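Below: one structure, written as structure tokens.
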Amino acid sequence: MSTTQDKVAPTSIGDIPLTRPQLPSWAPALVAAISVAVAALPVVFLGWGLVAMVLLAVVLFVIALPAWSSSVEGSRKGKDRLAAALVWSGFGLAMVPLATLMWQVISNGVPVLSAEFFTYSMRNVVGEGGGIYHAIVGTVIVTAFAAIISVPIGVMAAVYLIEYGAGNRIARIVTFLVDVMTGIPSIVAGLFAYALFVLFFGPGVRMGIGGSVALSVLMIPIVVRSTEEMLKLVPGDLREAAYALGVPKWRTITKVVLPTAMSGIVTGVTLAVARVAGETAPLLIIAGDTDSVNFNAFSERMATLPVYIYYSYMQPGVPPEFGQERAWGAALTLIAIVMALNILARLISRSFAPKTGR
Amino acid sequence: MAKSIDVSDLDIYYGDFKAVEGVSMTIKAKSVTAFIGPSGCGKSTFLRALNRMHEVIPGARVEGRVVVEGQDLYGDQVDPVEVRRQIGMVFQRPNPFPTMSIYENVIAGNRLNAKKMKKSETDDLVESSLKGANLWAEVKDRLDRPGMGLSGGQQQRLCIARAISVQPQVLLMDEPCSALDPISTSAIEDLIHELKTEYTIVIVTHNMQQAARVSDETGFFNLKATGEPGHLVEFNSTQKMFANPDNSDTEGYISGRFG
Chain G
631 MSTTQDKVAP TSIGDIPLTR PQLPSWAPAL VAAISVAVAA LPVVFLGWGL VAMVLLAVVL
691 FVIALPAWSS SVEGSRKGKD RLAAALVWSG FGLAMVPLAT LMWQVISNGV PVLSAEFFTY
751 SMRNVVGEGG GIYHAIVGTV IVTAFAAIIS VPIGVMAAVY LIEYGAGNRI ARIVTFLVDV
811 MTGIPSIVAG LFAYALFVLF FGPGVRMGIG GSVALSVLMI PIVVRSTEEM LKLVPGDLRE
871 AAYALGVPKW RTITKVVLPT AMSGIVTGVT LAVARVAGET APLLIIAGDT DSVNFNAFSE
931 RMATLPVYIY YSYMQPGVPP EFGQERAWGA ALTLIAIVMA LNILARLISR SFAPKTGR
Chain V
101 MAKSIDVSDL DIYYGDFKAV EGVSMTIKAK SVTAFIGPSG CGKSTFLRAL NRMHEVIPGA
161 RVEGRVVVEG QDLYGDQVDP VEVRRQIGMV FQRPNPFPTM SIYENVIAGN RLNAKKMKKS
221 ETDDLVESSL KGANLWAEVK DRLDRPGMGL SGGQQQRLCI ARAISVQPQV LLMDEPCSAL
281 DPISTSAIED LIHELKTEYT IVIVTHNMQQ AARVSDETGF FNLKATGEPG HLVEFNSTQK
341 MFANPDNSDT EGYISGRFG
């Protein structure tokens with residue numbers, strides 16, 4: 631016993647090093663600067679492009695910093711630096727398309743924007759002038775009707791799945807079909823709506839409400855999914871509390887469960903609207919395109935922003951510059967509308983969220 | 101208004117699993133009855149069977165009779181919603197409705213059932229229920245604030261106020277103090293003493309001192325072995341139960357020799 635104790639004699643705290651050599655805090659910046667400088671050499675001497683230089687700099691940085699770090703700080707720190715460098719360069723890579731897209735749309739679109747652009751339709755416009763008033767009206771009407779169709783259906787389906795189905799056979803089948811519906815290509819939804827309306831109105835039918843039906847086919851699964859997730863988050867305790875007060879199930883759902891989940895449901899619906907507002911293919915087929923303002927979703931063609939962008943860019947007329955300019959302006963408007971809806975969703979979720987303040 | 105409950109030969113199943121077997125007892129009106137026993141022995145399940153709350157869990161069913169003042173709770177024509185209006189329940193974790201203010205939480209039982217009431221009536225009801233739950237003095241100046249903003253003990257008293265605002269005949273309490281500190285626990289125990297004059301109270305507790313302090317009669321539940329259904333070992337006046345129990349298992353559990 632005593633011999634083993636001798637062997638593992640307690641080491642004094644000074645024997646266990648708690649400090650390690652560390653790179654200075656400016657090390658990443660130094661490595662980055664050197665990487666950029668080295669990557670600039672082939673640009674100067676071999677005439678490489680800017681993209682190649684950035685890629686080379688990133689590769690040099692990802693190799694050099696972890697190598698330096700692991701030689702000074704040890705392998706654990708080196709791996710940490712490597713992972714951090716990879717994560718950051720991955721993030722940067724993911725931002726590239728977004729940033730270039732925004733730059734392209736804004737730089738091309740902003741010069742077109744004017745009061746006339748937002749208040750005039752394309753009726754009797756050849757060449758310069760005209761606007762997207764008719765397309766904005768169409769997009770608002772078509773997506774509003776799509777929301778009116780799909781929100782009640784989607785929310786009620788989710789209520790059935792969570793509150794009544796609870797994993798039985800029908801609920802499992804419905805969940806599976808909703809998943810399948812999520813993957814329906816938008817052009818197929820457009821063909822479905824067209825085929826449906828041809829049954830009633832004959833071939834060649836074009837009307838805004840048809841576009842709404844096609845969009846709601848795309849929107850319903852999104853609404854069902856997001857509402858389902860939100861209803862799952864409502865604690866079972868609250869349902870039990872209501873039942874224990876002698877509240878029937880349907881009142882428990884309408885007065886307790888849905889209000890508690892309201893912020894999430896409204897956010898999900900708003901994001902679904904933002905998602906379908908930019909759909910082009912189904913609207914090309916069933917809503918069609920026109921140069922005039924049409925407020926009636928139940929008769930005649932109705933222009934929408936995505937379809938307007940498509941036709942303005944593909945068939946800009948003669949001379950082509952003006953049509954293409956207007957397409958960029960409309961694209962910027964569409965992005966702004968979708969972004970505004972996203973911001974709106976955040977604000978709504980904040981204002982509906984259950985309050986816990988004292 | 102308080103009522104007694106007669107239970108005879110009650111078996112409770114979850115699907116094929118028999119959770120509680122052969123329970124018979126009489127719960128007296130205007131008294132406090134406590135259930136004690138180790139975890140998983142079916143106390144809470146039995147309590148929930150007294151107002152058909154166990155039916156919330158899919159596959160749960162009972163055999164046997166629960167008779168409240170001559171009416172069988174499991175009769176053919178009985179509506180579980182009506183049963184729960186007569187027999188209220190307070191849960192282990194305080195569960196005020198997060199979307200509602202303190203005021204709305206108290207009258208939730210009436211408002212959710214769309215009962216038409218004048219403003220003065222609801223004001224009186226809120227005041228009397230909160231006074232009944234010993235919470236009025238603490239919240240009377242902030243009735244419009246969210247119920248979730250209260251402390252745990254206050255939330256539990258708010259839940260008790262909510263339960264008594266629908267004037268039930270019986271109040272079931274499923275470990276109402278297990279999530280609370282000793283001071284809040286003591287406040288709720290005092291409250292149980294006061295409520296006893298008007299309601300029949302049934303309480304499940306893991307705290308034997310609490311059972312001894314608050315109850316008039318005590319039932320001891322136990323399992324024969326793991327996987328076997330729970331059963332009622334002994335049902336006696338609390339005094340006798342803690343001083344001189346009939347059953348040696350009860351004595352062992354209460355004196356801390358097992359469980």
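These protein sequences, in sequence, are chains G and V.
The end of the first sequence is residue 988 by our numbering, with every number in the run present.
The end of the second sequence is residue 359 by our numbering, with every number in the run present.
The C-beta atom is built at its ideal place from N, Cα and C for all residues, glycine as well.
The structure presented is a predicted model; accordingly, all values stated were derived computationally and were not measured.
In this structure, cysteine 259 of chain V and proline 194 of chain V form a Cβ contact; the two beta carbons are roughly 5 Å apart against a cut-off of 8 Å. Only those residues of the region 147 to 164 of chain V whose C-beta falls short of 8 Å from the nearest C-beta of chain G are listed: Asn151, Met153, Val156, Pro158. In the displayed model, tyrosine 299 of chain V falls within coil according to three-state DSSP, outside both helix and strand. Remark: C-beta atoms of tryptophan 958 of chain G and glycine 760 of chain G do not approach each other more closely than 7 Å. Around aspartate 176 of chain V, the same chain offers no residue with a beta carbon nearer than 8 Å, after the five sequence neighbours per side are excluded. Taking methionine 273 of chain V as the centre and dropping the five residues before and after it, the same chain places the C-beta of Val190, Ile303 closer than 6 Å to its C-beta, in chain order. Sequence-distant Cβ neighbours of asparagine 924 of chain G in its own chain, meaning closer than 8 Å and more than five residues away, are His764, Val767, Gly768, Gly838, Glu930, Arg931, Met932, Ala933. Listed by position along chain V, the residues whose Cβ is nearer than 8 Å to that of threonine 890 of chain G are Phe197, Pro198, Thr199. In the DSSP assignment, leucine 272 of chain V forms a beta bridge with V:Met189, V:Val302. Annotation: alanine 279 of chain V has no Cβ neighbours in chain G at a cutoff of 8 Å; minimum Cβ distance is about 12 Å. Assignment of alanine 119 of chain V by DSSP, reduced to helix, strand and coil, places it in the strand class.
The region 695 to 710 of chain G makes no contact with the region 666 to 677 of chain G; the number of CB pairs closer than 8 Å stays below 3. With 16 or more other CB atoms across the displayed protein chains lying within 10 angstroms of its CB, tyrosine 299 of chain V is buried. Within a 10 Å sphere around the beta-carbon of glutamate 182 of chain V sit fewer than 16 other beta-carbons, which makes this residue exposed. Arginine 881 of chain G has a beta carbon lying within less than 7 Å of a beta carbon in chain V. Along the region 796 to 816 of chain G, going in chain order, the ones with a CB nearer than 8 Å to a CB of chain V are Ala796. Residue environment analysis places methionine 725 of chain G among the exposed positions, since fewer than 16 neighbouring C-beta atoms fall within 10 angstroms of its C-beta.
Cβ-Cβ distances below 8 Å link leucine 243 of chain V to Ser201, Ile202, Tyr203, Val226 in the same chain, with the five nearest sequence neighbours on each side left out; the list follows chain order. Residue-level contact check: lysine 885 of chain G touches chain V, since one or more beta carbons of chain V fall below 7 Å from its beta carbon. In the three-state scheme derived from DSSP, where H, G and I count as helix and E and B as strand, tyrosine 174 of chain V is classed as coil. Partner residues in the beta bridge of aspartate 106 of chain V, as assigned by DSSP, are V:Thr126, V:Val167. Our two residues, glutamate 909 of chain G and serine 737 of chain G, have alpha carbons roughly 23 Å apart in a direct line. Non-local beta-carbon contacts of methionine 217 of chain V in its own chain, meaning distances under 7 Å to residues more than five positions away in sequence, involve Asn210 in chain order. The three-state secondary structure of alanine 917 of chain G, taken from DSSP, is coil.
With contacts defined by Cβ atoms closer than 7 Å, glutamine 269 of chain V and lysine 103 of chain V form a contacting pair. A Cβ-Cβ contact shorter than 7 Å links leucine 845 of chain G with valine 906 of chain G. For proline 949 of chain G, no CB of chain V lies under 7 Å from its own CB, so it is not counted at the interface with that chain.
For alanine 687 of chain G, the CB contacts under 7 Å within the same chain, skipping 5 residues up- and downstream, are Ser665, Val666, Ala669 in chain order.
Contacts between glycine 209 of chain V and chain G, judged by CB atoms closer than 8 Å, involve Leu875, Gly876, Val877 in chain order.
For phenylalanine 146 of chain V, the enclosing alpha helix (DSSP H) covers residues 143 to 149.
Of the candidates V:Asp106, V:Ile207, V:His293, the residue whose Cα lies closest to the Cα of leucine 230 of chain V is V:Ile207.
Remark: C-beta atoms of leucine 235 of chain V and arginine 257 of chain V approach each other more closely than 7 Å. Here the region 697 to 716 of chain G lies against the region 642 to 662 of chain G, with 3 or more beta-carbon pairs under 8 Å apart.
For leucine 868 of chain G, the nearest CB of chain V lies under 7 Å from its own CB, placing it at the interface with that chain. At a cut-off of 7 Å between beta-carbon atoms, leucine 271 of chain V makes no contact with chain G.
Residue environment for glutamine 255 of chain V: buried (at least 16 other C-beta atoms within 10 angstroms of its C-beta).
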